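Residues in the sequence shown are numbered from 1 upward in steps of one, following UniProt numbering. Heads up, the thing below is written out as structure tokens.
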Amino acid sequence: MLPAAAARLVCAVLSTARPGRLARQAALRSLSMTQAPPARVAPPAEKVWDGRADLYALSDAELRTLLAEWGQPAFRAKQLSEWLFVKGVSDFDQMLNIPLALREQLRAKARLGSLQLAMSQRSRDGTAKYLWRLADGREIETVMMPYTDGRRTACISSQVGCAMRCSFCATGQMGFSRDLLPSEIFEQALRVSNELRARGERLSNVVLMGMGEPFRNYDAVLDAVGQLRSRLGIGARHITISTVGIAPMIRRFADEDLEVKLAVSLHVADDEARSKLMPVNRKHNLAELLDACRYYNEKTNRRLTFEWALIAGENDSVERATELGRFLRGLKCHVNCIPLNPTAGFGGRAPSVGSSAADAFIDELARHGIPATLRVRRGIDIDAGCGQLANKAAAKAVTL
1 MLPAAAARLV CAVLSTARPG RLARQAALRS LSMTQAPPAR VAPPAEKVWD
51 GRADLYALSD AELRTLLAEW GQPAFRAKQL SEWLFVKGVS DFDQMLNIPL
101 ALREQLRAKA RLGSLQLAMS QRSRDGTAKY LWRLADGREI ETVMMPYTDG
151 RRTACISSQV GCAMRCSFCA TGQMGFSRDL LPSEIFEQAL RVSNELRARG
201 ERLSNVVLMG MGEPFRNYDA VLDAVGQLRS RLGIGARHIT ISTVGIAPMI
251 RRFADEDLEV KLAVSLHVAD DEARSKLMPV NRKHNLAELL DACRYYNEKT
301 NRRLTFEWAL IAGENDSVER ATELGRFLRG LKCHVNCIPL NPTAGFGGRA
351 PSVGSSAADA FIDELARHGI PATLRVRRGI DIDAGCGQLA NKAAAKAVTL
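Listed below in structure tokens is the structure:
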């Protein structure tokens with residue numbers, strides 16, 4: 001609503017004897033003078049560290065708003081985004097089409113990310129593990145796995161620790177601290193991508209199989225997935241989200257109608273045995289999980305992957321394979337079998353090297369029409385394998 005005086009002025013101008021273009025322009029000028037300027041929109045608090053806006057965390061709209069407040073034209077946001085996410089440049093001085101004055105302003109008022117590299121390790125097989133220190137002092141881990149076919153996969157974390165308490169998983173043994181922000185999830189992949197780009201390589205795949213249960217941080221994970229797609233150009237079919245089997249969230253994820261892949265950590269197809277390995281089964285048992293998986297198949301027409309850590313004497317027998325084959329009958333799915341990776345808090349072990357147990361297990365699944373693959377363990381010499389991420393350098397919880 002216009003103030004009464006301004007409204008009378010506009011009406012008076014429009015009703016003059018010369019109601020032509022000049023009169024209309026005068027009325028519009030008067031109108032614009034009476035309107036309040038747009039409110040200043042500051043970046044959300046979780047996207048500001050040490051008083052500086054985190055450019056990796058800002059959405060495109062937030063970046064445009066920030067630069068507009070600094071008196072910059074709209075196209076500067078696109079230029080800056082190209083440097084940050086397309087070219088992977090993290091030095092403002094290298095952004096040659098950005099004016100010097102703006103570069104100095106960026107150095108003073110902005111920052112690039114919140115993850116500090118605390119330690120990195122490289123395995124004999126080329127797998128790399130990164131320990132990141134967060135702004136609050138907590139730490140998470142990320143893994144990069146190179147493959148001979150040229151793929152480069154980042155395994156990223158969604159939480160600090162995990163509340164699911166799977167007995168064979170080092171992350172579950174360390175307990176849960178907090179959810180990661182979308183920017184903290186995305187930045188892990190961005191930092192790996194930048195390192196690969198510097199070597200002339202490209203990040204091709206991202207799996208959310210690091211620390212944490214992605215479906216317990218659902219909104220942040222989907223936000224980060226959107227950034228992986230729009231900013232790093234990772235196709236939806238090259239992104240995989242893994243869950244311990246929270247049935248209602250599998251249904252919700254199916255309703256999203258994304259092309260992102262879904263993997264379910266199963267490991268045993270017997271309720272009693274699975275409840276011992278994975279406490280989540282006490283709340284969402286196998287019948288509920290199976291119904292959710294069927295719903296996912298029907299809703300998306302996409303294949304599910306089931307993860308199966310082979311534990312000698314526990315779930316690697318032909319009988320367990322028969323049980324699994326019957327459980328999965330009729331599902332559009334694939335089973336990934338991987339020998340158990342060692343963790344200090346779990347007494348189980350992988351089938352012995354040279355054992356025929358894995359081959360017999362996979363052959364029995366094939367008899368039931370279930371395709372399965374025996375995965376090669378990667379990075380176990382640096383505790384970078386599945387189930388091994390536990391921040392050994394920071395195993396003690398940070399108390400704030």
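All residues carry an ideal CB built from backbone N, CA and C; glycine is no exception. Keep in mind the model is a prediction, meaning the values are calculated, not measured.
In chain order, Y56, G113 and L115 place their CB closer than 6 Å to the CB of E187, counting only its own chain and leaving out the 5 sequence neighbours on each side.
With a cut-off of 8 Å on Cβ pairs, the region 173-185 is not in contact with the region 195-202, counting fewer than three such pairs. Here V244 really is in contact with C166; their C-beta atoms are around 7 Å apart, less than 8 Å. Taking 7 Å as the cut-off, the beta carbon of F361 is found closer than this to the beta carbon of D316. One thing to note: A220 has its Cβ no nearer than 7 Å to the Cβ of P279.
In this structure, R303 sits away from C337, with a CB-CB distance that is not shorter than 7 Å.
Taking C-beta separations shorter than 8 Å and ignoring five residues to either side along the sequence, the partners of R252 in its chain run Y218, following chain order. DSSP places V221 in the uninterrupted alpha helix (DSSP H) bounded by Y218 to L232. Taken atom to atom, the span from the alpha-carbon of L331 to that of E288 is near 14 Å. If you draw a straight line from the Cα of S81 to the Cα of P146, it comes to about 27 Å.
Around the beta carbon of R329, a 10 Å sphere encloses fewer than 16 other beta carbons of the protein chains shown; the residue is thus reported as exposed. Ranked by Cα distance from P371, the first of A321, N341 and A357 is A321. If you look at N336, you'll find it in the beta strand (DSSP E) that goes C333 to P339. When the five nearest sequence neighbours on each side are left out, the beta carbons in the same chain lying within less than 7 Å of the beta carbon of E141 are those of K129, Y130, L131, S157, G210, M211, L389 and N391, in order along the chain.
A direct Cα-Cα distance of roughly 13 Å separates L96 from L84. Of D271, E272 and C293, the smallest CA-CA separation from K261 is found for C293.
C-alpha of A357 to C-alpha of D91: approximately 52 Å in a straight line.
By the Cβ neighbour-count rule, F75 is exposed, with fewer than 16 other Cβ atoms within 10 Å of its own.
An exposed status is given to R237, since fewer than 16 other beta-carbon atoms sit within 10 Å of its beta-carbon. Distance from the CA of K87 to the CA of V207, rounded to the nearest whole angstrom, comes to 22 Å.
Counting along the chain, no alpha helix (DSSP H) covers T343, and no H or E run does either.
Between the C-alpha atoms of V192 and T305 there is a straight-line separation of about 25 Å. Non-local beta-carbon contacts of R111 in its own chain, meaning distances under 8 Å to residues more than five positions away in sequence, involve W49, D50, R52, A53, D54 and L55 in chain order. The C-alpha of L228 lies about 11 Å from the C-alpha of S204. A straight line joining the alpha-carbon of L66 with that of R103 spans about 14 Å. Of the candidates T127, M119 and G126, M119 places its Cα closest to the Cα of E139. In terms of Cα proximity to P351, the closest of T343, E314, L324 and R326 is E314. Of the candidates I241, E323 and A170, the residue whose Cα lies closest to the Cα of V160 is A170. Measuring C-alpha to C-alpha distances from E184 to each of R216, C162, A224 and R152 identifies A224 as the nearest. In the structure shown, N205 falls within a strand segment according to DSSP collapsed to helix, strand and coil.
For L258, the closest of I239, R274 and P248 by C-alpha to C-alpha distance is I239. In this structure, the straight-line span from the alpha carbon of Q173 to that of G348 is close to 14 Å. Taken through DSSP and simplified to helix, strand or coil, W70 comes out as coil. By the neighbour-count criterion, in which a residue is buried when 16 or more other Cβ atoms sit within 10 angstroms of its Cβ, K283 is exposed.
E256 counts as exposed, since fewer than 16 other beta carbons sit within 10 angstroms of its beta carbon. Residue burial is scored here from C-beta neighbours: N341 has at least 16 other C-beta atoms within 10 angstroms and is therefore classed as buried.
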